[in-house]
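> So that we are looking at the same thing, I have put the structure below in structure tokens.
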Amino acid sequence: MMPADFTALLPYLILTGAAVAVLLAITIVRNHRLTAGLTMAGLVLAFAALPIALSAAPRAVTPLVEVDGFTIFFDGLLIAAAFAAAGFSYGYLQRRRIRREEFYLLLLTATLGACILPASVHFASLFLSLELLTVSLYGMIAYLRTELFGIEAAIKYLILASISSAFLLFGAALIYTDRGTLSLSRILLPESAAAGALHPVLMVAGLGMVLVGIGFKLAVVPFHMWIPDIYQGAPAPVSAFLATVSKGAVFAVLIRVFSLYTISSESGMYAVLVVIAAVSMFAGNWLALLQTNIKRLLAYSSIAHFGYLLVALLAAGPNSVTAAALYLAAYFVAILAAFGVIAAVSGSGGEAQELEDYRGLFWRRSWAAFVLTSAMLSLIGIPLTAGFIGKAYLLLAGLGSAVWLLAVVLIVTSAIGLYYYLRVILTMAQQPAAENRPAQPAVLDSRLGNIVLGALALGILWLGVFPAPVIEIIQRTASSVLPF
Amino acid sequence: MQTPVTEIVWPLGVYAVAVLIMVTATLAISHVLGERHSGRATGEPYESGIVPTGPSGIRFSVRFYLVAMFFVLFDLEAVFIYAWAVSLREAGWAGYAEMVFFIGVLLAALAYLWRIGALDWGSIGRKSLDRRKEESRRDADDR
């Protein structure tokens, strides 16, 4: 390996080192503050190493991993999201009487797996990093061992994620049988088709199975059944991590695959993806309409958001990657803020999951209510929030490539979404019903959590008012390498 | 070069039909030829042997699982080390450095397991006693 290879891999090496350092730190002295501090320092260091890695990019390190501007941008997004999730976890775990330190170990390994995903250009690295992420997530979801919902969610996730991994593996094997290569950039090329290529059925079946595996992780419509239960059962910081890091990393893989090939709009694959996108948008918003549990509501709405994101990919225009990356960034900020508030207002007894728990939050904890309001407005896509800019770019990308059907569905379903997001805000503004509910136990504010929430609220507003710098960063890094 | 789809699909179809026939035949033949009786133990899960006695819910220590897991973990690592040993000269110093790092991570994990008392056998090891004391003290501090 050349020195430049190490430069390109520096963020991953730092994350690995941080995981081992946290392990050793727990071995020597068990201290929640120290462990959390080490973890966050490791994440900050890895983030700071991204510009250094960018200086070596684009660089293919072994046939497995490609570090380019696209990789660096998504790694930055994922590391920042993991940092926010770690910040929420500190206050959340501090309130519980369990062993807290190992959580950060799992968080670091999961982040490492997620960060390698956008760099994967080979089925081997894709599968390994996906498993690193998923296996760490099993532990994170079940981390509160005394809470039955968490265990139930972890077992469901274990079984369903294993099945989806099996689909992915089988699909990769079928493609390999047909094409004789596992490299993502070569499987669909005409040359490889000429080399092996006697079995179009194998190829179609393989691609279909890979799509099932990826679709499961993204929770788009036919593969979405798991998501409400897992979001509800997992501890709120873990739900935040799942919603951002896990799904964002897999979506990055999808963008990379789409950028390698032009999928003709007459092909069967394209039609399948259009149906998945449209049905996801409808079903996600529809199912969220009558939810009274805020975590389930966010879970269903996330189905819709990934349907919106697919619109950008299917548009396949010059602005597609910019639109998708910007929307993903805006979604990350808003959904992290929402789950951060849930983690912050949950007491030591249980989580505040029901909408009723949020009644009158403006009076009780106006800061948390303000952050949740801005997050909801951003998820709707109200002007002056991050979500508006994201959605505007998505629509521009869609209309620019004249995918009328999807653009119309996007607008209509966004209007449906207005109802349930606004209901959350309305509930917070209502006067607390004094008579029937026992007073919520006073929750100690976690200073760290509040700082992270403040930064996220600021991010929502900043992206909404002055998005130019972020768009410029995206255009310099994420979209420069892609031949859309 | 392209072969028509039907030519690829038909062996698959024959195979599927063969599987169906075999499963149906197995079930049908054993249904026809098999004897039927209703003894005291017919409904028992383990029909062909001795009638089970005593409760099946025997509790045994979770440490058995722990040891099994450690075995799988560390044994699997040994497989990687063997693979490296075979290609020692080809891998060169770079391979050596990677293996040192790999074993270093393993040692860190072993130290961690030792520290948390996962290697202690017995109803309650000294380490875990210390740890419980420490934890209760820390919980008191938190409150």
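Chains V and B, in that order, give the protein sequences.
So in numbering that gives the first Met the number 0, spot 299 of the first sequence is number 298, and the numbers just go up one at a time.
So in numbering that gives the first Met the number 0, spot 24 of the second sequence is number 23, and the numbers just go up one at a time.
Just so it is clear, CB atoms sit at the ideal spot from N, CA and C, and this is done for glycine as well.
What is the DSSP secondary structure of H36 of chain B, counted as helix, strand or coil?
coil
> What did DSSP end up calling V8 of chain B once you bin it into helix, strand or coil?
helix
> Can you say whether M21 of chain B is buried or exposed, counting buried as having 16 or more other CB atoms within 10 angstroms of its CB?
With fewer than 16 Cβ atoms within 10 Å of its Cβ, M21 of chain B is classed as exposed.
> Since I25 of chain V meets chain B, which of its residues come closer than 7 Å, beta carbon to beta carbon?
The answer, in chain order, is Y111.
> Compare the Cα-Cα distances from V134 of chain V to each of V:G149, V:C114 and V:A109 and report the closest residue.
V:A109
> For L11 of chain B, which residues from the same chain have a beta carbon less than 7 Å from its beta carbon, with the 5 sequence-adjacent residues on both sides left out?
none
> Using DSSP with H/G/I as helix, E/B as strand and the rest coil, what is H121 of chain V?
strand
> List the residues of chain V whose Cβ lies closer than 8 Å to the Cβ of D104 of chain B, in chain order.
In the sequence as presented, Asp is not what sits at residue 104 of chain B; that position holds Val. Those within 8 Å of V104 of chain B in chain V are V19.
> I'd like to know if the stretch 113 to 131 of chain V and the stretch 46 to 56 of chain V are in contact, where contact means that at least 3 CB-CB pairs between them fall below 8 Å.
Flag = no, the stretch 113 to 131 of chain V and the stretch 46 to 56 of chain V do not touch.
> Hey, how far is the Cα of A396 of chain V from the Cα of E89 of chain B?
51 Å
> If I measure Cβ to Cβ from A322 of chain V and keep anything under 6 Å in the same chain, skipping five residues before and after, which residues do I get?
A311, Y392, L393 and A396
> Can you find the residues in the same chain that come closer than 8 Å, C-beta to C-beta, to L37 of chain V, ignoring five residues on each side of it along the sequence?
A17, A20, V21, A24 and Y103
> Taking A15 of chain B as the query, report the chain V residues whose CB atoms sit under 7 Å from its CB, ordered along the chain.
Within chain V, no residue comes near A15 of chain B; the closest Cβ sits about 14 Å away, beyond 7 Å.
> Going along the chain, which unbroken runs of the beta strand (DSSP E) with 3 or more residues stay wholly within the stretch 54 to 119 of chain V?
58 to 60 and 64 to 66
> Relative to the C-alpha of S263 of chain V, which candidate in V:G316, V:P234 and V:V211 has its C-alpha closest?
The shortest Cα separation from S263 of chain V among V:G316, V:P234 and V:V211 belongs to V:G316.
> Do you know offhand how far A48 of chain V's Cα is from P10 of chain V's?
5 Å
> If you draw a straight line from the alpha carbon of I415 of chain V to that of R422 of chain V, how long is it in whole angstroms?
12 Å
> Confirm, please, whether the CB-CB distance from G380 of chain V to F387 of chain V is below 7 Å.
Remark: C-beta atoms of F387 of chain V and G380 of chain V approach each other more closely than 7 Å.
> Mind checking R39 of chain B: buried by the 16 CB within 10 Å criterion, or exposed?
exposed
> Thinking C-beta only, is A343 of chain V closer than 7 Å to G458 of chain V?
no
> Roughly how many whole angstroms lie between the Cα atoms of L8 of chain V and A52 of chain V?
7 Å
> Of all the CB atoms in chain V, is at least one closer than 7 Å to the CB of A107 of chain B?
Proximity of A107 of chain B to chain V, defined by a Cβ-Cβ separation below 7 Å, is satisfied.
> Counting beta carbon pairs with one atom in the stretch 294 to 306 of chain V and one in the stretch 203 to 212 of chain V, are three or more of them shorter than 8 Å?
no
> How about L289 of chain V: is its C-beta nearer than 7 Å to some C-beta of chain B?
no
> What residues from chain B crowd round L22 of chain V, counting only those whose CB sits closer than 9 Å?
Chain B residues near L22 of chain V: V104, A107, A108, A110 and Y111.
> Spatial neighbours of I27 of chain V within its chain, please: C-beta separation below 8 Å, excluding the five flanking residues on both sides.
none
> Is it the case that the Cβ atoms of A141 of chain V and A153 of chain V are separated by a distance below 7 Å?
Yes, the Cβ-Cβ distance between A141 of chain V and A153 of chain V is below 7 Å.
> Less than 8 Å between C-beta atoms, sequence neighbours within five positions excluded: which residues of the same chain meet that for T372 of chain V?
Excluding residues within five positions, the ones whose Cβ falls inside 8 Å are I424 and M427.
> With DSSP as the reference, label N284 of chain V as helix, strand or coil.
helix
> Could you tell me the distance, in whole angstroms, from the CA atom of T384 of chain V to the CA atom of V320 of chain V?
20 Å
> Which partner residues does N292 of chain V have in the DSSP bridge list?
V:E353
> Rounded to the nearest angstrom, how far is the Cβ of F166 of chain V from that of A242 of chain V, given a contact under 8 Å?
22 Å between Cβ atoms; not a contact.
> Find the residues of chain V that neighbour R114 of chain B, judging by a C-beta separation of less than 7 Å, and give them in chain order.
T26
> Would F122 of chain V pass as a contact of L181 of chain V if the rule is Cβ separation under 7 Å?
Judged by their CB atoms, F122 of chain V and L181 of chain V are nearer to each other than the 7 Å cut-off.
> Excluding five sequence neighbours on each side, which residues of the same chain lie with their C-beta closer than 8 Å to the C-beta of L63 of chain V?
S119, V120, H121, A123 and S124
> Tell me which residues share the same chain as L309 of chain V and place their Cβ nearer than 6 Å to its Cβ, disregarding the 5 neighbours each side in the sequence.
Taken in chain order, the residues that qualify are A276.
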